Structure formats: structure tokens, C-alpha cells
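*Asks:* First the structure, then my questions, so here it is.
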Amino acid sequence: MAAKKKSATFEEALGELEQLVERLEAGDLPLEEALADFERGVKLTRECQQKLATAEQKVKVLMEESGTIRELPFDADDGAEDA
Numbered sequence: 001m002a003a004k005k006k007s008a009t010f011e012e013a014l015g016e017l018e019q020l021v022e023r024l025e026a027g028d029l030p031l032e033e034a035l036a037d038f039e040r041g042v043k044l045t046r047e048c049q050q051k052l053a054t055a056e057q058k059v060k061v062l063m064e065e066s067g068t069i070r071e072l073p074f075d076a077d078d079g080a081e082d083a
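Residue 1 is where the sequence shown starts when you use the numbering used here, and the numbers rise one by one after that.
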């Protein structure tokens, strides 16, 4: 029986996705290999989206104030000015 593979971290999945994009953009892969890389890229994209959605939910829970969630747009530049 095969052991279940540990889920990659967001950063690992994103790194692998970036490598796949570079390989596909190079345009020198055989069709079958390009299709396999594309399919892997779609899977990694979905995994990254799920991890981001989970992180967003955690942030919303942490931002909860008096039973309501205050959502603020994220802007890295604005955060530095507020400090």
C-alpha cells in the first residue's frame, strides 16, 4: 500500500508552479509532457487557491470584533504608514 504524500506548503506549491510555467513558456516540450505539466499546474493552482482561501478565513476570524468582521482592503504601502 502506497503511503499518502504529504501536502506541499503554499510556498512549495507556488515554487513548483513557477517552474512548470517556465518549462511551458520555453515551448520545447513534447506535447504529452507539456500536457502533463499543464495538468499538474492546474492541480497546483487549485491547491494554492484553497490554501489562500483557508488563510483568508483564519484572518477574518482573527479580525473579528464584537461579533462582526471588519474587512479592510490590503495595501502593503498603507500598512507602513499606519504604524
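Glycine included, each C-beta is placed from N, C-alpha and C at the ideal position.
Keep in mind that this is a model prediction, so the values were computed, not measured.
Put Gly27 into one of helix, strand or coil per three-state DSSP.
*Replies:* Coil, per DSSP.
*Asks:* Measuring only the C-alpha atoms, how far is Arg46 from Arg40?
*Replies:* If I take the Cα positions, the gap works out to 10 angstroms.
*Asks:* Give the secondary structure of Thr9 by DSSP, where H, G and I count as helix, E and B as strand, and everything else as coil.
*Replies:* Three-state result, Thr9: coil.
*Asks:* For Glu33, I'd like the list of residues in its chain whose CB is within less than 8 angstroms of its CB, leaving aside the five on either flank, ordered along the chain.
*Replies:* If we look at Glu33 and ignore the five residues flanking it on each side, it has no Cβ neighbours.
*Asks:* Within the same chain, show all residues whose beta-carbon is closer than 6 angstroms to that of Lys51, passing over the 5 residues directly before and after it, in chain order.
*Replies:* Phe10.
*Asks:* CB Leu48 to CB Leu24, shorter than 9 angstroms?
*Replies:* Checking the displayed sequence, the identity of residue 48 turns out to be Cys instead of Leu. Not in contact: Cys48 and Leu24 (Cβ atoms no closer than 9 angstroms).
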